[in-house]
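Take a look at the structure set out below.
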Amino acid sequence: MNVADTRRLASGLEKLGLSVASKARDADVIVLNTCVVRQSAEDKAYNYLHALKPLKAARPELVIGLMGCLVGHKLNGRLQEKFPWVDVFMAPSEPAPLIEFLQNRLGLGLDQAETARRFAAQDGDYPLPAYERSRLVAAHVPVVLGCSHACSFCVIPYRRGAERSRPAAEIVAEARSLAAQGVKEITLLGQIVDRYGYDLGFQITNFKSQISDFRFQTPLAGLLEELNQIDGLERIRFLTSHPNWMNDELLEAVARLPKVCEHIEVPVQAGDDEVLARMKRGYTADDYSRLIEKIRRIIPGAGIATDIIVGFPGESQAQFQATYNLLAQLKLDMVHVAKYSPRPQTLSARTLEDDVPPEEKERRRKAIEDLQAQIVGQINARLLGQTVEVLVEDRQKNRWRGRTRTNKLVFFEDGVEVKVKGEGKRDWRGKLAAVTINWAGPWSMIGKVD
Ligand code: SAH
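Residue 308 is where the sequence shown starts when you use the working numbering, and the numbers rise one by one after that.
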């Protein structure tokens, strides 16, 4: 989400005539976009913020912007007191304050109509920033901003505000604009992306009439259908889904639509029902297992990813073991595991003691990671000798790098002598390559194209 927000801001700054600097030291404007989902992310944001102070002291004309979840959707006045070297504060997904500040500072004197014309988000005219133009293969498109679910551990609703879906027409226009600029893959983003459109209320009717037919009860299924028709786009993904909103209609749309990838990100967070209840997730471990079965039945070969929090308050050894056993049984393709971190304002931080010691959280994290390495090692080993479709994103260490439709990372050499250092003979960027896998590890695979 932050990558997408940053890109939109960069695009806006270019409309003002600014261009990207190679080092922070050389820049006239520095923006720090921040995440606070765990304390470690917040600490990192503070470290960067403090590092900017001497730059501002040396060059008072330097403009410093702070964006994202450290700021939150309602500006907290204490931040201004604590960080007086910051000129502009921006809520997540809200680049406007910096744009306005710079317009005044640079004396551009654009009138309101001109500003509206240049910065209208609705017009679908979204030029990628120069540093990504004709390079970017896979882009993120936020479709649901904020979140209203309030899982007890999660700070996001407090920082990104209530759930708001973007109008379908705006999203489709943005996707068309990206495709016209060479983007081949888009990933639709939302904290609960499978709730897309439900908050639009009466507009859903309107949404459906824009979306050409009335077949869909599930707005995201309708949106996918529409995006699937965009020329030039090769692949569409969406994340993150909440288990309770993954209905058959959505899964059938994924199975039916050729551009929508067989890739589902659906976090379980824990495998014990008591822990899940304390997390306020709204489902049981058994519900989740049945959902995974259903996904596999409707979308054969789907790559399924999940998120896990270990060391949630009160998580006993047996409760952790339930999570471990669930993952051992389900054998998913990817597990993002995090140690519980109490976040300000959240229900769990206010009402539950963070009572699992740090060493124990680390032990549990490592246990899940080791289990998962073994599981994915086995899953990927089955691909040895097989040919998979890889959308190539870039070149790294003399190898092309891309992902399969199921979101597995694949590196390959192009089967021709590499003549110039760092450059293969053929430019694979943005192309679909048929790669035959000859090495498979848990985190990536290596193959060859003929
Ligand atoms: N909206 C998505 C993902 C939100 S943040 C969802 O609900 O699943 C991404 C991941 O960070 C979460 O899935 C969760 O596993 C992790 N996370 C969120 N809050 C956390 C916290 N307080 N401590 C540790 N991990 C956390």
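Every residue gets a Cβ at the ideal spot worked out from N, C-alpha and C, and that includes glycine. Just so it is clear, the structure is predicted and the values come from calculations on it, not from any experiment.
| Item | Value |
| --- | --- |
| How far does the alpha helix (DSSP H) with Asn554 in it extend, from its first residue to its last? | Asn554 -> no alpha helix (DSSP H), and no H or E assigned at all. |
| How is Lys738 classed by DSSP in three states: helix, strand or coil? | coil |
| Can you find at least 3 beta carbon pairs, one from the stretch 447 to 458 and one from the stretch 334 to 347, that sit closer than 8 Å? | no |
| Between Ser648 and ligand 1, is there a pair consisting of the residue's CB and a ligand heavy atom that are separated by less than 7 Å? | yes |
| Can you check which of these residues, Leu413, Ala482, Ile605 and Met752, is closest to Asn693 by C-alpha distance? | Contrary to the premise, residue 693 reads as Gln rather than Asn in this sequence. The option with the nearest alpha carbon to Gln693 is Met752. |
| According to DSSP, simplified to helix, strand and coil, what is Thr630? | helix |
| Kindly provide the ranges of any beta strand (DSSP E) runs that are 3 or more residues long and lie completely inside the stretch 374 to 399, ordered along the chain. | 395 to 397 |
| Mark Val444 as exposed unless 16 or more other C-beta atoms lie within 10 angstroms of its C-beta, in which case mark it buried. | buried |
| In chain order, what residues of the same chain have a beta carbon less than 7 Å from the beta carbon of Ile371, not counting five sequence neighbours either side? | Ile337, Leu359, Lys363, Trp392, Val393 and Asp394 |
| Is there contact between the stretch 664 to 678 and the stretch 455 to 467, where contact requires at least three CB pairs shorter than 8 Å? | no |
| Determine whether the beta carbon atoms of Glu606 and Lys638 lie at a separation below 8 Å. | At residue 606 the sequence reads Ile, which differs from the Glu that was named. No, Cβ-Cβ distance for Ile606 and Lys638 is not below 8 Å. |
| Using alpha carbons as the reference points, say which of Asn309, Arg315, Pro361 and Val756 lies closest to Ala331. | Pro361 |
| How is Pro367 classed by DSSP in three states: helix, strand or coil? | coil |
| Mapping DSSP to helix, strand and coil, what is Ala577? | coil |
| Comparing C-alpha positions only, which one of Asp662, Glu349, Arg712 and Pro550 sits nearest to Ile543? | Arg712 |
| Just list the residues that DSSP pairs His643 with in beta bridges. | Asp614 |
| Just to confirm my understanding: we take Glu321, look at its own chain, exclude 5 residues before and 5 after, and list those with CB closer than 6 Å. What are they? | Pro436 |
| Which of the three DSSP states is assigned to Met752 in this structure? | strand |
| Could you check where the beta strand (DSSP E) with Val327 kicks off and where it finishes? | Premise fails: Val327 is in no beta strand (DSSP E) and is neither H nor E. |
| Expressed to the nearest angstrom, what Euclidean distance is found between the alpha-carbon atoms of Asp757 and Asp721? | 7 Å |
| Enumerate in chain order the residues of its own chain whose CB-to-CB distance from Gln652 is below 7 Å, with the five nearest sequence positions on each side excluded. | Val462 and Tyr465 |
| Suppose you measure from the CA of Lys704 to the CA of Arg733; what does that come to, to the nearest Å? | 16 Å |
| In chain order, what are the residue ranges of uninterrupted alpha helix (DSSP H) at least 4 long that sit wholly in the stretch 666 to 694? | none |
| In its own chain, which residues sit with a C-beta less than 6 Å from the C-beta of Gln679, not counting the 5 before and 5 after it? | Val642 |
| Could you check how far apart the C-beta atoms of Leu531 and Val567 are, in whole angstroms? I think they sit under 8 Å. | 5 Å |
| Where does the unbroken beta strand (DSSP E) through Pro449 begin, and where does it stop? | Ala445 to Pro449 |
| Can you name, in chain order, every residue of its own chain whose Cβ lies under 6 Å from the Cβ of Val344, other than the five neighbours on each side? | none |
| Measure from the alpha carbon of Ala457 to the alpha carbon of each residue in Arg689, Met586, Leu598 and Gly324, then state which is nearest. | Met586 |
| Which stretch, first to last residue, makes up the alpha helix (DSSP H) that contains Glu532? | Pro526 to Leu534 |
| Once the 5 residues before and after Gly608 are set aside, which same chain residues still bring their CB inside 6 Å of it? | Glu569 |
| Which residue comes first and which comes last in the beta strand (DSSP E) that contains Ile543? | Arg542 to Leu546 |
| Taking contact to mean 3 or more Cβ pairs, one atom from each stretch, closer than 8 Å, check whether the stretch 618 to 631 and the stretch 571 to 582 are in contact. | yes |
| Verify whether the separation of the beta carbon atoms of Pro550 and Leu598 is less than 8 Å. | yes |
| Verify the contact flag: Arg563, CB atom, against every heavy atom of ligand 1, threshold strictly below 7 Å. | no |
| Going by beta carbon distance, what residues of the same chain come within less than 7 Å of Asp501, once the five residues before and after it are set aside? | Leu527, Ser548, His549, Trp552, Met553 and Leu557 |
| Compare the Cα-Cα distances from Asp614 to each of Gly621, Lys601, Ile602 and Leu634 and report the closest residue. | Leu634 |
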